[in-house]
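Protein chains in written order, with UniProt numbering: chain A, 1 to 384; chain B, 1 to 384; chain C, 1 to 384; chain D, 1 to 384; chain E, 1 to 384.
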């Protein structure tokens, strides 16, 4: 049926995500000027040119092609097989508008797809379901994660997915399952594919969380044993990133819940049972994010306590040394005075035999007494 | 149809917003004396004299005039075209009361419009919808924002908006869309215009939030690298301002939600779909405000930790220097004593050959030992 | 119709509210012994003897009399005009019990009126509505507020109000509006009067809040510029008082909401629209109380940070001075030693020409080096 | 009808509540081994042997007897009069099981009664209502309170109450009201008695709260004026005890609310109005507990601030004294050096006339300058 | 009927739980790769090989056998008696898949059972109820607890339980009750057995909580009397573990509540009354966990306060010693100066008779004055 099968998903172009990139997630958003008419699309100048991939399958065969224009998919949409159009990149207003026309998208839907980031949500239209989710993927350097908006438009026998970037998606195993006909996916409808995609997105949070689990465990040792300024930075960074994760996953729960409860002709009751499983996983992710956030908050408390502990210890050391030697210095100072010893009664100690030995005895007695006092108070040895 | 087309929105008179102005937002409110009859209007003496602008349009033509009295708009209201009366300034009780008569406003509605600030809300009356919202605009100096109450009264084929001030509104692009007939706005009813205005107000929060995002990012660097008293002030200021933003946006969500759910003859179902988009944006704004508030709270924690860190470092330095030199000073003090060296056994070191070199050896040994001890404890070099 | 018109509301007897009075608001309550039968009245021995004022009006005339016994009002109650009986003071069990009989109050209602303080609430009875609210008034000295329970019993054509004290009420303007026939109040029923009284009570929170706004603003400057122990006390005091305000206003919201939603024959639908306005004001008061509470909590944080900052600065100063002079003192101590300079090699510096100048050079070099080090670390000048 | 009237409630045997007893409230609970069959009773070996008191009354007469076995009450239960069986003590499995048989209790009900503590709750059975509440009573030494579970089983014309201990109950006034026929209690049914008992239990929280109010007030003075380690202990103790109170009262609210809403043939609508009053009091208790908890949390903050303040003050003192004297000591050290004054240029000051006076002038100038500097910085006098 | 009765539950093989094991509970989870088809089972390589035990009983007889393959249980399932198949260990994909086939489990159910940990939940299927709970058991060394997922599948006359591990279950008493025919369990259906198992799991939290109660009590003494770094670690550890407990018990409440409310043909109304008791216990466990969490948070506060207190005390000590001796040292330094006493007016004190005694008088006066000052300030004796 299809004549141009290409490999599934091209090797992603190595794009450079700068180090400080993740800072921007909190602050960057593409909103049109206040007062713009609805449907105004904001194209970020750094955005990638969209790649368009089509996978079309039925129980018997499956094929994947890279399309050059959105209109190329029209013949596939008209067939009875399931068509999955995957658009990767938001860098061309023209392509996106033509896409909107091909799929007959409401102007607000197109705006939601393009003007990232949107809150995850589900909206029902006459013959389409719009599902906006956030997909996270671990960074290779283990420092943070990429957060990408994925919009799914589910129609009668097609599904359109729009990703922000060509890199870092979690859909490859699903492409393989379709391609190699593993499991039941090939014999199911578009709603099952939707479930599979949502499931992949939700399960994609787990590896990211595992990274954070390890980082928290490392930090915990560091914060107790050797807290430095870097530790503070790291805790703060983790807290910020967990805040981002939280913002991505919480509304996802409501969105998936809406999908389960909805009476939509597009989603089969059988598939809703599968979606209930996605929902459970989402709740589990939320549980873990909240737990990690609490652990990170605890780390902050321990950091402060460790610092106070350290200051206390330093002060104790200073106090012991100072208060032992300050009286001694005074005593030696006394015998360094130049009172005229020829005048009787003036500093007789200086002329006494054994005066010097007597001086050392006083020194030892005073310092010994003080050290004993400190030892009793528990200041001498810092508790390990 | 209209004979006196003036330019849309006159250039705002440069009014001086004093530096400390924003402090007052928490504490200033125009409430009548307790026990006053309902409908008592409080005119702030600093309030601007109302300017009245009328825009009247249908699919074919649009015209904008500045009116001198509220009654001038009556002929426009009676026509079939959509009339938008925009009143800017609350400084004249007479004008406002006549306005109330022209539009047949309930005395409580007039009170809500004039006695600012009110909480955002929606109230339905027989043939009118009262919508009270807060409009925020960035200050030019990037320090904070202006918060202005906008009251919208939606009627059959008119909309009345009342703003606090003639400056700083976000409606200019909408005036332009009407004037230049961009988009579908000219062919729609007053409810669509209402949506457009609400949309502009909600989207107006985004540029303000972007400012705060940048300020938070700057502050974050400052708080880790070089926390000073100013940093504390800045964090506190941002927290206060975010509190204000929060107070402005939270009830807005409920108000817009009420508009969506209401079965009003004045608002078309089609327009409610657009309002759902406004609602999503409002939720997004709330999300961001809450996120920023949490980030600001984190900054406060980091500030305190940085301070403790700094105190700890200073103490460590003092301790190292003090505890190294205090014993040395004692030793030198001992050999400055004036014990009579002619008495045998009294300070024999002073007469020993090489006594002086021996003294320096002791000094070096003691200080070396202490420094080694500090180095092992990690006190010598402050962790960077 | 009435023969003894007296002046409206007698000048309040100057009663002395002691300074520490407000402390007690948290802890004082008149509860009967556990196990007492319902309806047991607790008369506080300090309570004022009740004054009873009656205002009776219709559209044509209004009159105010001070009654000596509760039974004196019976003829007025039987007439068609609206009767407002205002009882001020809870100091006589006899009077209150007779009042209960005249108005046919349930024993629990009488208990709620007398055994102050009660939580604000609304309870419906066959032909009466019991409304318990808290009325706050600013103290003249600007330090805190008075909190007084007001019980309103609304009947067919009468309203009974019971106040704790004869002083400090917010009803005077309403008495004037009735007396001088301002607004529509004279032509309305008892339910409108009820609205007017509730409105006055709710609006009475605004001046009190304004006081707190000013105090918070003053405190904010103080806490940043010159935090002392008094500042801590003041913050704590404001937090306590806002806690009291909060406790007074929160349940008020529920009570007024109940009044709006209730289908009561005693309250007209038209009046419920006015009550909706009261409700909005109550929510606004709650908003402000919560905002002020958050601001006060912020002040506490800033106070602590300022203290840490101050300690840090002091430590830095001590460290600079100590670590500069301690080595110098050691050096001068060395040359104060009494090693026998006749023995060759013993302290040759003492006999060197220019030895003394050399000594000062060393001193200057050491102290200069240290000061340069401190300057580079930024410890020399405290950041302003 | 009854032949053995004894005095109402025997004088409680003085049992020794150890000092550390209250610590255990958090941790002690009688739960059967996991996996035990339902209805397994756990008898604490320290529990008191049950005393069984019966009060039986109607409008005409009332009588109180101490029973030796549970079965003794059967004739009373069969009569038309109201029977109140009060069992005090949980120390005998045999008695409790026979009690269960006499009253035909579900095995889970008996378990709930005996295996203390349970959460307050209400459960309906065919012809019985089970009400489990917590009764608190002040300790005589004013340190904390006793918390005792009371189980009420309301039947057709009887009520069974089971208390943990024979001491410290709040029911004595009710026994007196029945005995002396005060109020309407004698002419009412068992449901009114139930109300009276619940009312006594709820009102029993107020004296306990009054104690805490006083302790908080005392602590507040202490924490500002003279915070010590004991203060910390006291704050912590109050926080723990308020936590206990809170745990006792919160579920009580739900339980009483359930009683009010329930359509039970055992509870008259008229009595439900009285229970509404209990509910209000419960909410008031909750309000106060939460307020006290917040006040206690504030005290903790103030304690920490006071400590920081004190450390700051001590540091300031140390800094002033140290930095004034350290330079002076250096200067005096300089002139104690032994440079050979015969070599020209070596320490010429020592031989100058008035050198000594000049020295003192320098000393005065340096210390005066430093003190002036400290005075300007506000470090000299600690702000009171 | 059964021919191979073995002892109930084999003695658990002593498996070594390493010390750091519990750290992993936060971070370890068996989730399939994102994008895997539903029903993918993840077998942990450390997981135990499943042991399969069958207990089959009716009112007359009961028998327990260890089965070698899941299919061995088929004849028992077909009989009218109640069959309880207990699978302990998740180490064999083959066994688990065959188990799924025998019991006709949905692929998602099997995934939930195997891919631990799941959130506690209840799901209804046509003829099965899936109940996933968490079972906790104390560790023998009193340090923490084991947390194990138990999945219960309730069918018509059977129940299948799947545990993570062969060790540490709380079901032994129930096996004994069945074996020895104690209570009513033998005469009941599978739903009663389900209740008994859930009850055992919920009650299994109490001994664990008792351990934490004791540890908290110990810690509380430690934190006030002698706070060290270990104390901090211990508090942190308890907080982490309580967080785990909380995560295990909170969703359990919802699950059991769902069981109570559900109209399932598999669960009798009579058994739901028993489940209500489980629900109460779960709420009680939650109450206690939350209380313990709050107590642990309090401990953290006290720890910090104690540290501040200790630092304050050390500083006070240093300050007293330093400020007493520093002036003395200065004075003795003065009289150690070498001003030429032959020049008149230079240091006349040195030649005065009694000059030395005068020196000591000054020393005593200065130090006495300072000590008196400190005593008045309350710095001399640390408050105990």
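Note that CB positions come from ideal geometry on N, CA and C, so glycine has one too.
Neighbouring residues, chain B, relative to residue i (Cβ below 8 Å)
i, result
"residue 294(C)", "243"
Same chain, Cβ closer than 7 Å to residue i, five either side skipped, listed in chain order
i, result
"residue 305(A)", "none"
"residue 164(C)", "90, 116, 148 and 149"
"residue 95(A)", "50 and 70"
Listed by chain order, chain D residues near residue i by CB distance under 7 Å
i, result
"residue 193(E)", "None at all; the shortest Cβ gap to chain D is about 12 Å."
"residue 177(E)", "37"
Residues near residue i by beta carbon distance below 8 Å, same chain, minus five either side
i, result
"residue 3(D)", "Here the model assigns residue 3(D) a pLDDT of 40, short of 50, so the residue's position is not dependable, and the following value carries that caveat. Cβ within range, chain order: n/a, list empty."
"residue 358(D)", "349 and 352"
"residue 277(A)", "199"
7 Å Cβ cutoff met for residue i and residue j
i, j, result
"residue 271(D)", "residue 195(D)", "yes"
"residue 43(A)", "residue 67(A)", "no"
"residue 65(D)", "residue 54(D)", "yes"
"residue 362(D)", "residue 327(D)", "no"
"residue 239(A)", "residue 296(A)", "yes"
"residue 170(D)", "residue 282(D)", "no"
Neighbouring residues, chain E, relative to residue i (Cβ below 8 Å)
i, result
"residue 173(A)", "33, 34, 35 and 36"
"residue 170(A)", "34 and 35"
Chain E contact residues for residue i, given Cβ-Cβ distances below 9 Å
i, result
"residue 233(D)", "224 and 302"
Inset, instruction - Could you please tell me which residues of the region 340-363 of chain B, in chain order, have their CB closer than 7 Å to any CB of chain A? - result: Among the residues of the region 340-363 of chain B, those with a Cβ less than 7 Å away from any Cβ of chain A are 340, 343, 345, 346 and 347, in the order of the chain.
Legend entry - Residues of the region 286-319 of chain E whose Cβ lies closer than 8 Å to any Cβ of chain A, in chain order: Hits within the stretch, in order: 300, 303, 304, 307, 308, 310, 311, 314, 315, 317 and 318.
Inset, instruction - Starting from the N-terminal side, write out each stretch of the alpha helix (DSSP H) that is 4 residues or longer and does not extend beyond the region 299-380 of chain C. - result: Fully enclosed alpha helix (DSSP H) runs of no fewer than 4 residues occupy 355-377 of the region 299-380 of chain C, in order along the chain.
Inset, instruction - Determine which residues of the region 262-283 of chain B have a Cβ less than 9 Å from any Cβ of chain A, and write them out in chain order. - result: Taking 9 Å as the Cβ-Cβ cut-off against chain A, the residues of the region 262-283 of chain B that qualify are 273, 274, 276, 277, 280, 281 and 283.
Legend entry - Residues of the region 327-339 of chain D with Cβ closer than 7 Å to any Cβ of chain C, in chain order: Answer set for the region 327-339 of chain D: 327, 329, 330, 333, 334, 336, 337, 338 and 339.
Legend entry - Entirely enclosed alpha helix (DSSP H) segments - the region 112-186 of chain D, minimum 4 residues: With a minimum length of 4 residues, the continuous alpha helix (DSSP H) runs that stay inside the region 112-186 of chain D are 172-179.
Legend entry - Residues, ordered as in the chain, of the region 181-192 of chain A that lie near chain E by beta-carbon distance below 9 Å: Cβ contacts with chain E: 182, 183, 184 and 185.
Inset, instruction - Identify each residue in the region 192-220 of chain E for which the Cβ-Cβ distance to at least one residue of chain D is less than 9 Å, and report them in chain order. - result: Cβ contacts with chain D: 195, 196, 197, 199, 200, 201, 202, 203, 204, 205, 206, 207, 209, 210, 212, 213, 214, 216, 217 and 220.
Inset, instruction - Could you pull out every unbroken beta strand (DSSP E) segment of at least 3 residues lying fully inside the region 43-102 of chain D, listed in chain order? - result: Counting whole runs of 3 or more residues, the region 43-102 of chain D contains the beta strand (DSSP E) stretches 51-57, 62-67 and 82-88.
Inset, instruction - Starting from the N-terminal side, write out each stretch of the alpha helix (DSSP H) that is 4 residues or longer and does not extend beyond the region 182-229 of chain B. - result: If you keep only unbroken alpha helix (DSSP H) runs of at least 4 residues inside the region 182-229 of chain B, you get 190-203 and 205-225.
Legend entry - Residues from the region 103-115 of chain C in contact with chain D, defined by Cβ distance under 9 Å: If the cut-off is 9 Å between Cβ atoms, the region 103-115 of chain C has 106, 108, 111 and 112 near chain D.
Inset, instruction - Mind checking the region 68-80 of chain D against chain C and listing, in chain order, the residues whose C-beta falls within less than 7 Å of any C-beta there? - result: Answer in chain order: no residues at all.
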